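*Asks:* The structure is given below, and queries will be raised subsequently.
Protein chains: 4
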Amino acid sequence: MTDQEEPNPLLICTMPFRVRYAECDPMGYLHHAHYWVYFEEVRTELLRRQGFVYRDLEAAGVLFVVHKLTCTFLRPVRYDDIVNVECRVERITHTRVDHSYAVLRGPEVCTRATSTLACVGRDGKPMVMPKELWPKP
Amino acid sequence: MTDQEEPNPLLICTMPFRVRYAECDPMGYLHHAHYWVYFEEVRTELLRRQGFVYRDLEAAGVLFVVHKLTCTFLRPVRYDDIVNVECRVERITHTRVDHSYAVLRGPEVCTRATSTLACVGRDGKPMVMPKELWPKP
Amino acid sequence: MTDQEEPNPLLICTMPFRVRYAECDPMGYLHHAHYWVYFEEVRTELLRRQGFVYRDLEAAGVLFVVHKLTCTFLRPVRYDDIVNVECRVERITHTRVDHSYAVLRGPEVCTRATSTLACVGRDGKPMVMPKELWPKP
Amino acid sequence: MTDQEEPNPLLICTMPFRVRYAECDPMGYLHHAHYWVYFEEVRTELLRRQGFVYRDLEAAGVLFVVHKLTCTFLRPVRYDDIVNVECRVERITHTRVDHSYAVLRGPEVCTRATSTLACVGRDGKPMVMPKELWPKP
């Protein structure tokens, strides 16, 4: 996203999540492992809005595995909080996709994260994505 | 197990678990959803000691799905507790297996549970278990 | 609910869930442990619609712990399925609440479950619920 | 750890984990969210071997929250695999601890990760660690 004034709406997606009791730890905070579950859901929804259902891709032998993750936790998120999780596609090649994420509670940014996914076949070996998933020139 | 004096050692299995931080809820208790994960692990270990690796069965198209569950929580289990989880085969037919479970902390019984698993094929349809899994006459 | 024609709308609650990737197991099915997380969410939402926020109750020292669970799995639920989870209050005393649950995918009943919760204080000891939570005569 | 020939054995800890069924996703791989649970367990065990029980620290109002995470997945880990998870303390200040992690399956490095934890009080505000946790000069 080099031009934040005119983002391509297909390449941003925001979803609300109410933090579940079972996702919180003895501190009463959303446990850091569960953020990745939220990120995965928003990433999948972004793909859905582009016209691709990840379940169908996987059934067709096109899998995406997580290669790299980073996350910075700025403010804790608590049980029963409603947060908006934003996902952006930052970069697509023919074999990989980079996403960035933000967890927002009202105007507060609570968390920032990034991921790199790699396209693999059912054998786990890297493959070139189907053409329809390639970035539009 | 009608005769507790001479249990068949293949049909009982006990494994220790240290309760993980991420498995505990804001009360600091092992969340009730996670007990099923422990039960599944002990049930799989019991099968392994009988000579069957569930991963291999599944690769061969022999799947076991949970059909029924019951659980009674008598005492809470807390973060960092070490509990022993016991699993017994209570009944085997050619299509189903009943197990019972107990969660023990030292001499205290904290939890009792039961499950019925059904054997299904990769299509999810009920199937007769491979003969080697049948109860010995 | 003895009279299904005129259910008390405060005592039934239904919420949709899209099954998350991380909640599914190697069979591609919603893992049986995660159903309890869904049930807990709907139960909490039912309480919210009655005017009680479980987070606030817990902050005030009124905790509800699960005492008993039963569940029957009739049809598997798969990754990316959208299911409706229904929760009903079946019985309330001054110390316990019984709920029943159903997981529906369109017209199909996939799962039926029940739970008994007990009210406890921060010390884990049983206590009488605050009067405002008592069943209306 | 500047000198790998003579590591301080208190500052490295390795624990084996058998990958649980419920931790695996529809690809049959350990889901990326669950790695953090393993890392947390080894980090806690390392602390225990230094003489500190995290449960007791937390009861005394000394909490550690995750501030930053990075992870690179080099090879997938599968259901029922036994992996060794290694954790090292890389740097301690009076308010933070940096750890690094590796997931090993036999001689293969499957995953590398890092975390920064911050010491906070029960109010979630940063605090200086108790002196006994400070790095030995």
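Protein chains in written order, with this note's numbering: chain U, 5 to 141; chain E, 5 to 141; chain H, 5 to 141; chain W, 5 to 141.
No residue lacks a Cβ here, since even glycine has one placed at the ideal position from N, Cα and C.
These figures come from a predicted structure and were not determined experimentally.
Please work out which residues of its chain come closer than 8 Å, Cβ to Cβ, to residue 81 (chain E), disregarding the five sequence neighbours upstream and downstream, and give them in chain order.
*Replies:* Locating residue 81 (chain E) in the second sequence gives position 77, counting from the first residue. Counting only Cβ-Cβ distances below 8 Å, and skipping sequence neighbours, we find 23, 33, 34, 87, 107, 109, 114 and 115.
*Asks:* From the beta carbon of residue 87 (chain H), is the nearest beta carbon of chain E less than 7 Å away?
*Replies:* Position 83 of the third sequence, counted from the start, is the residue given in the question as residue 87 (chain H). Judged by the 7 Å Cβ criterion, residue 87 (chain H) is not in contact with chain E.
*Asks:* How many angstroms separate the CA atom of residue 118 (chain W) from the CA atom of residue 73 (chain W)?
*Replies:* Counting from 1 along the fourth sequence, the entry for residue 118 (chain W) is found at position 114. Counting from 1 along the fourth sequence, the entry for residue 73 (chain W) is found at position 69. Each residue's Cα considered, the two are about 6 Å apart.
*Asks:* Taking C-beta pairs closer than 8 Å, name the residues in chain H that residue 80 (chain E) reaches, listed in chain order.
*Replies:* On the second sequence, position 76 is the one that residue 80 (chain E) refers to. Neighbours of residue 80 (chain E) on chain H, chain order: 69 and 128.
*Asks:* Short check: CB of residue 142 (chain W) to CB of residue 40 (chain U), under 7 Å?
*Replies:* Examination of residue 142 (chain W) is not possible in this model, given that chain W is present from 5 through 141 alone.
*Asks:* Looking at chain U, is there any beta carbon in it that lies within less than 7 Å of the beta carbon of residue 115 (chain E)?
*Replies:* Looking up residue 115 (chain E) in the second sequence gives position 111. Chain U, which has no Cβ nearer than 7 Å to the Cβ of residue 115 (chain E), makes this no.
*Asks:* In angstroms, rounded to a whole number, what distance separates the CA positions of residue 85 (chain U) and residue 126 (chain W)?
*Replies:* The residue given as residue 85 (chain U) occupies position 81 in the first sequence. The residue given as residue 126 (chain W) occupies position 122 in the fourth sequence. Each residue's alpha carbon lies about 19 Å from the other.
*Asks:* Verify whether the separation of the beta carbon atoms of residue 83 (chain W) and residue 47 (chain E) is less than 7 Å.
*Replies:* Against the fourth sequence, residue 83 (chain W) aligns to sequence position 79. Against the second sequence, residue 47 (chain E) aligns to sequence position 43. Cβ distance not < 7 Å, so residue 83 (chain W) and residue 47 (chain E) don't count as in contact.
*Asks:* Taking the alpha-carbon positions, what's the residue 135 (chain H) to residue 30 (chain U) distance?
*Replies:* Position 131 of the third sequence, counted from the start, is the residue given in the question as residue 135 (chain H). Position 26 of the first sequence, counted from the start, is the residue given in the question as residue 30 (chain U). Each residue's Cα considered, the two are about 28 Å apart.
*Asks:* Quick check: the Cα distance between residue 184 (chain U) and residue 15 (chain U), rounded to an integer number of angstroms?
*Replies:* Residue coverage of chain U in this structure runs from 5 to 141, which leaves residue 184 (chain U) outside it and unanswerable.
*Asks:* Going along chain W, which residues have a C-beta under 7 Å from residue 59 (chain E)?
*Replies:* In the second sequence, the residue the question calls residue 59 (chain E) occupies position 55. Result: 83 and 84.
*Asks:* Nearest CA to the CA of residue 89 (chain E): which residue from E:67, E:56 and E:42?
*Replies:* Reading the second sequence from its first residue, position 85 is the one you call residue 89 (chain E). Residue E:42 is the option with its Cα nearest to residue 89 (chain E).
*Asks:* Give me, in chain order, the residues of the same chain whose beta-carbon lies closer than 8 Å to that of residue 131 (chain W); leave out the 5 immediate sequence neighbours on both sides.
*Replies:* As a position in the fourth sequence, residue 131 (chain W) is number 127, starting the count at 1. Correct list, in chain order: 66, 99, 123, 124 and 125.
*Asks:* Which two residues bound the contiguous alpha helix (DSSP H) that contains residue 43 (chain E)?
*Replies:* As a working mapping, residue 43 (chain E) is identified with position 39 in the second sequence. Taken as a continuous stretch (DSSP letters only), the alpha helix (DSSP H) holding residue 43 (chain E) covers 39-53.
*Asks:* According to a CB-to-CB cut-off of less than 7 Å, which residues of the region 19-44 of chain U neighbour chain E?
*Replies:* Those residues of the region 19-44 of chain U that come within reach of chain E (Cβ to Cβ, closer than 7 Å) are 25, 26, 28, 29, 30, 32, 35 and 37.
*Asks:* Look at the Cβ atom of residue 62 (chain W), then the Cβ atom of residue 17 (chain W), and state whether they are nearer than 7 Å.
*Replies:* Position 58 of the fourth sequence, counted from the first residue, corresponds to residue 62 (chain W). Position 13 of the fourth sequence, counted from the first residue, corresponds to residue 17 (chain W). Taking 7 Å as the Cβ cut-off, residue 62 (chain W) and residue 17 (chain W) do not qualify as a contacting pair.
*Asks:* Excluding the 5 residues flanking residue 79 (chain E) on each side, which residues of the same chain have their C-beta closer than 7 Å to its C-beta?
*Replies:* Reading the second sequence from its first residue, position 75 is the one you call residue 79 (chain E). If we look at residue 79 (chain E) and ignore the five residues flanking it on each side, its Cβ neighbours are 112 and 114.
*Asks:* Look at the alpha carbon of residue 133 (chain H) and the alpha carbon of residue 45 (chain H), and state the distance between them as a whole number of angstroms.
*Replies:* The residue labelled residue 133 (chain H) in the question sits at position 129 within the third sequence. The residue labelled residue 45 (chain H) in the question sits at position 41 within the third sequence. For residue 133 (chain H) and residue 45 (chain H), the distance between alpha carbons rounds to 20 Å.
*Asks:* What residues are listed by DSSP as bridge partners for residue 36 (chain H)?
*Replies:* Position 32 of the third sequence, counted from the start, is the residue given in the question as residue 36 (chain H). Residue 36 (chain H) pairs with nothing; no bridge assigned.
*Asks:* Taking the C-alpha atoms as reference points, what is the distance between residue 70 (chain E) and residue 95 (chain E)?
*Replies:* The sequence position of residue 70 (chain E) within the second sequence is 66, counting from 1. The sequence position of residue 95 (chain E) within the second sequence is 91, counting from 1. Whole-angstrom Cα-Cα distance: 15 Å.
*Asks:* Just the C-alpha distance for residue 54 (chain E) and residue 55 (chain W), rounded to the nearest angstrom, thanks.
*Replies:* Working through the second sequence from its first residue, we reach residue 54 (chain E) at position 50. Working through the fourth sequence from its first residue, we reach residue 55 (chain W) at position 51. If I take the Cα positions, the gap works out to 39 Å.
*Asks:* Quick check: is the beta carbon of residue 74 (chain W) nearer than 7 Å to any beta carbon in chain U?
*Replies:* Mapped onto the fourth sequence, residue 74 (chain W) falls at position 70. Yes, because at least one Cβ of chain U sits closer than 7 Å to the Cβ of residue 74 (chain W).
*Asks:* List the residues of chain W that residue 62 (chain U) touches, going by C-beta distances under 9 Å, in chain order.
*Replies:* As a first step, residue 62 (chain U) must be located in the first sequence, where it is residue number 58. 30 and 31, listed in chain order.
*Asks:* Would you say residue 56 (chain H) faces chain E, with C-beta separation under 7 Å as the test?
*Replies:* The residue given as residue 56 (chain H) occupies position 52 in the third sequence. Chain E, which has no Cβ nearer than 7 Å to the Cβ of residue 56 (chain H), makes this no.
*Asks:* Strictly by DSSP, which residues pair up with residue 75 (chain U)?
*Replies:* Residue mapping note: residue 75 (chain U) aligns to position 71 of the first sequence, counting from 1. Answer by DSSP bridge pairing, in chain order: U:117 and W:73.
*Asks:* How would you label residue 57 (chain U), buried or exposed, when you count the other beta carbons within 10 angstroms and need 16 or more for buried?
*Replies:* The residue labelled residue 57 (chain U) in the question sits at position 53 within the first sequence. Counting Cβ neighbours within 10 Å, residue 57 (chain U) comes out exposed, since fewer than 16 surround it.
*Asks:* Residues in its own chain within less than 6 Å of residue 105 (chain U) by CB, not counting five upstream and five downstream?
*Replies:* Position 101 of the first sequence, counted from the start, is the residue given in the question as residue 105 (chain U). Closer than 6 Å at Cβ, skipping near neighbours: 43, 91 and 117.
*Asks:* Going by alpha carbons, who is nearest to residue 68 (chain W) out of W:139, W:140 and W:129?
*Replies:* In the fourth sequence, residue 68 (chain W) corresponds to position 64, counting from 1. Ranking W:139, W:140 and W:129 by Cα distance to residue 68 (chain W) puts W:129 first.
*Asks:* Could you pull out every residue in the same chain whose Cβ sits closer than 7 Å to the Cβ of residue 77 (chain H), ignoring the five residues on either side in sequence?
*Replies:* Translated into the one-based positions of the third sequence, residue 77 (chain H) becomes position 73. Counting only Cβ-Cβ distances below 7 Å, and skipping sequence neighbours, we find 36 and 115.
*Asks:* According to DSSP, simplified to helix, strand and coil, what is residue 83 (chain H)?
*Replies:* Taking the first residue of the third sequence as position 1, residue 83 (chain H) is located at position 79. Three-state DSSP puts residue 83 (chain H) in coil, outside helix and strand.
*Asks:* Taking only three categories from DSSP, how would you classify residue 122 (chain U)?
*Replies:* Taking the first residue of the first sequence as position 1, residue 122 (chain U) is located at position 118. Looking at residue 122 (chain U) - three-state DSSP - the assignment turns out to be strand.
*Asks:* So which residues of chain E does residue 120 (chain W) contact, with C-beta pairs closer than 9 Å?
*Replies:* Your numbering for residue 120 (chain W) matches position 116 in the fourth sequence. Those do not exist, as residue 120 (chain W) stays about 17 Å from chain E at its closest Cβ, beyond 9 Å.
*Asks:* Do you know how far the Cα of residue 20 (chain E) is from the Cα of residue 102 (chain E)?
*Replies:* The sequence position of residue 102 (chain E) within the second sequence is 98, counting from 1. The sequence position of residue 20 (chain E) within the second sequence is 16, counting from 1. Answer to the nearest angstrom: the Cα atoms are 22 Å apart.
*Asks:* Which residues in the same chain as residue 64 (chain H) place their Cβ atom closer than 7 Å to its Cβ, once the five residues preceding and following it in sequence are excluded?
*Replies:* The residue you call residue 64 (chain H) lines up with position 60 of the third sequence. Excluding residues within five positions, none has a Cβ falling inside 7 Å.
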